[in-house]
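One structure below.
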Amino acid sequence: MSEFDTDPIRRAVLASERPFHAACSVIGCMVGTIEVLHGTPVAAAFLRRLLEEMEPPAPDHTITDL
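When the letters of the sequence shown are read in order and numbered with numbering that gives the first Met the number 0, they come out as residues 0 to 65.
In structure tokens form, the structure reads like this:
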């Protein structure tokens, strides 16, 4: 995602009364634009990286809480 300046998008989504809806709309537009400009495989890879970045890290089960 480094090729995109996401700060204006983040501010607009946070300012929205429906941030989840706004975020989904923005992501859909970005993926659609990338698909038109660079093809479906590139758009799919972008969406995969975006979703991986948004996913919370898996819990670390190597350390046991006492």
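Note that CB positions come from ideal geometry on N, CA and C, so glycine has one too.
Please state whether DSSP places residue i in a helix, a strand or coil.
i      : result
Asp6   : helix
Glu105 : There is no way to answer for residue 105, as the model of the chain reaches only from 0 to 65.
His20  : helix
Ala57  : coil
Using a Cβ-Cβ cut-off of 8 Å (strictly less than) and excluding sequence neighbours within five positions of residue i, which residues of its own chain qualify?
i     : result
Ala11 : Ala21 and Val25
Quick one: using the 10 Å Cβ neighbour count with 16 as the cut-off for buried, is residue i buried or exposed?
i     : result
Phe19 : exposed
Please return the same chain residues whose Cβ sits closer than 6 Å to the Cβ of residue i, not counting the five positions on each side in sequence.
i     : result
Ile8  : Val25
Gly31 : none
If you follow the alpha helix (DSSP H) that residue i is in, where does it begin and where does it stop?
i     : result
Arg47 : Thr39 to Met53
Under 7 Å Cβ to Cβ from residue i, same chain only, skipping five residues before and after it: list those, please.
i     : result
Glu16 : none
Ala42 : Val30, Ile33 and Glu34
Counting only C-beta atoms, is residue i closer than 9 Å to chain B at any point?
i     : result
Val35 : This model lacks chain B altogether, as it is built from one protein chain only.
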